[in-house]
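Working notes, beginning with the structure itself.
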Amino acid sequence: MKTELYIDGAFVAPAGGATLPAVDPATEQVFAQVASGGAEDIDRAVRAARRAFDAGVWSDLPATERAAVLRRIANGIRENLADLAALETRDNGKPLPEAQWDIEDAAFCFDYYADLAEADAAQPLRTNDVGDARFDSRVLREPVGVVAAITPWNFPMLMAVWKVAPALAAGCCVVLKPSELCAMTCHALAGIIDKAGLPAGVFNLVTGFGAEAGAPLSEHALVDKVAFTGSVATGRKVMQAASAGIRTVSLELGGKSPFLVFDDCDIDKAVEWILFGIFWNKGEVCSATSRVLVQRGIYARLIERLKEVTEAIRIGAGDQPGVKLGPIVSKGQYDKILGFLERAKDSGARLVTGGGRAEGFEVGYYIAPTIYADVPLDAEIWREEIFGPVVCLNPFDTEEEALRLANDSPYGLAAAVMSDDLERCDRVAAKLRAGIIWINCSQPTFTQAPWGGYKSSGIGRELGREGFDAFLETKQVTRFDHSQTWGWYLDEEEAGQ
Ligand code: NAD
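If you use my numbering, the sequence shown corresponds to residues 15 to 511, in order.
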């Protein structure tokens, strides 16, 4: 199979005719050729989006009409759920039930923003009390314009939809550039959007490498906003590129999120959520709770139980029944994780289980689920995002110490706390410097709730009401009562002549 770009309402080959391989990480086999776009394709896509936006073919439609198209897209995703989930699993390696969640969430995200766009349009305009009865001042909310959406490979379709659905709901036109590692479901999404009847140019897809397609997109002068999800290093480049044109940027970046476990909680419940917090999606999760702080009284017992349950996790190809841990997305990411594990040998951390390639596989990028305990606070594995199935544990004695250790990170995406004392949970939640706090769980993510990080984990919020506002500009319209005189240069008599 060979994919194409989607520009100005048509599927087209990239200008240079280049392709890049889609690799199944379970078999290491190439299963498709993905269109690899470059600066010329990006320019065509951005110009198409600009034309569509400036002509108002989408933004001028009543919100109910836009919502109807969004709901058709949601239905199109649902009708293709089984195929899309299978494709996501093949491209990314994640277990099939996880891919099904992602695709269902993607459909719901279109429905949610369809509802929000309609509800928003039905609201009366906000007025400003300017303290002078001669003025009537109102606030308009308008689409920000042409949006560049640049997305990663860990939730390939869902991360794209978190941007595309609210941007379209708000009336924006979009150029989507997914990750070169997993672009197949975004290509399928373009087919669904095409059938849903969106006007030409409103949604465009350019697949390709970051340097060849992502960079020219984030630099393009006709883009109004860059919505980026990915690593801190690339986020920094995107922000720099956007600074040239003073464009709005939202950044969803990495994390090294803490999980605080107090000694009054049930050990099995803690084990369940600690494992879900790090091994779900193979640990390729920006909000993975990869630093676990456990109160000393249960530290040893909890590690013992974690080891036992971890060693029973079924590893394998994502399409195999019962598999809970699939292969790492790519050879590059697999090697990167092995590098962390190799260097960890000299870090002083105690390896509890795992620590290398999973046993029993001849092919596939499999890493054993890995647990380290007593990890030095300056160790690379404690401080840096590994983005794989690797969790680090340390003990603490007091709530104050736990908070200090938890907040001691340049990141601030998410954090979790577990205790039977809910007052303590609320107190700790208030003191954690992160944008997402889970109490007595880790990772459940809801379209209705805002998502994003403090500190180096990003700027802005996706999902929820905030994820819609992120694609709106605010305009004040202030009217002077013409029956009155202003009286600065002309007094009342002169003005009336
Ligand atoms: P990445 O930064 O390597 O790539 C992200 C996207 O940027 C890709 O589409 C890539 O092609 C593109 N890109 C690369 N170089 C570019 C450039 N110079 N200009 C413009 N675009 C460029 O990240 P990744 O490896 O795909 O994803 C993993 C990272 O994403 C992790 O750090 C993870 O924490 C983060 N992430 C964050 C969230 C969140 O919501 N905060 C969600 C998922 C992933």
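Glycine included, each C-beta is placed from N, C-alpha and C at the ideal position. Because the structure is a prediction, the values reported are computed rather than measured.
Query                                                                                                                            : Result
Check: residue 303 C-beta below 7 Å from any heavy atom of the ligand NAD                                                        : no
Whole-angstrom C-beta distance between residue 307 and residue 410, which should lie under 8 Å                                   : 5 Å
Where residue 457 sits in the DSSP three-state scheme                                                                            : coil
Neighbourhood of residue 337 by C-beta distance below 6 Å, restricted to the same chain and skipping five residues each side     : 109, 328, 330
CB of residue 233 within 8 Å of CB of residue 258, strictly                                                                      : yes
According to DSSP, residues forming a beta bridge with residue 438                                                               : DSSP lists no partner for residue 438.
Best match in 18, 58, 70 for proximity to residue 46 [C-alpha to C-alpha]                                                        : 18
Whether residue 363 touches residue 388 by CB criterion (8 Å)                                                                    : yes
Extent of the continuous beta strand (DSSP E) to which residue 155 belongs                                                       : 149 to 157
Host beta strand (DSSP E) of residue 489 (start-end)                                                                             : 486 to 494
CB-CB length for residue 449 against residue 467, believed under 8 Å                                                             : 5 Å
The ligand NAD heavy atom lying under 7 Å from the CB of residue 167                                                             : yes
Contact under 8 Å by Cβ, residue 284 with residue 432                                                                            : yes
Residue 72 versus residue 274 - alpha carbon distance                                                                            : 47 Å
Endpoints, beta strand (DSSP E) assigned at residue 270                                                                          : Premise fails: residue 270 is in no beta strand (DSSP E) and is neither H nor E.
Those residues which DSSP pairs with residue 142 across a bridge                                                                 : 151
beta-carbon residue 252 near the ligand NAD non-hydrogen atom, thresh 7 Å                                                        : yes
Pairwise C-alpha distance: residue 382 and residue 332                                                                           : 15 Å
Beta-carbon contacts of residue 69 that lie in its chain and below 7 Å, excluding the five residues immediately before and after : none
C-beta atoms of residue 377 and residue 41 nearer than 8 Å                                                                       : yes
Nearest-angstrom Cβ-Cβ length linking residue 304 and residue 406, presumed shorter than 8 Å                                     : 6 Å
Residue 465 in three-state terms, based on DSSP                                                                                  : strand
Residue 452 - partner residues in DSSP beta bridges                                                                              : 430
Whether residue 22 touches residue 211 by CB criterion (8 Å)                                                                     : no
Distance CB(residue 447)-CB(residue 408) smaller than 8 Å                                                                        : no
Nearest residue (CA-CA) to residue 346, options 501, 194, 16, 239                                                                : 194
Residue of 373, 83, 426 minimising C-alpha distance to residue 475                                                               : 426
Contact set for residue 352: own chain, Cβ-Cβ below 8 Å, skip 5 residues either direction                                        : 370, 371, 381
Reference residue 182; option with closest CA among 483, 494, 493, 505                                                           : 483
Own chain, CB closer than 6 Å to residue 493, minus 5 neighbours either side, in chain order                                     : 150
Residue 328 (DSSP reduced to helix, strand or coil)                                                                              : coil
N- and C-terminal bounds of the beta strand (DSSP E) containing residue 305                                                      : 305 to 309
Straight-line Cα distance separating residue 488 from residue 130                                                                : 17 Å
Residue 179 and residue 127 closer than 8 Å at C-beta                                                                            : yes
Spatial neighbours of residue 453 in its chain, beta-carbon cut-off 7 Å, leaving aside the 5 residues before and after           : 431, 439, 443
Cβ contact check for the region 233 to 243 and the region 29 to 38: 3 or more pairs under 8 Å                                    : no
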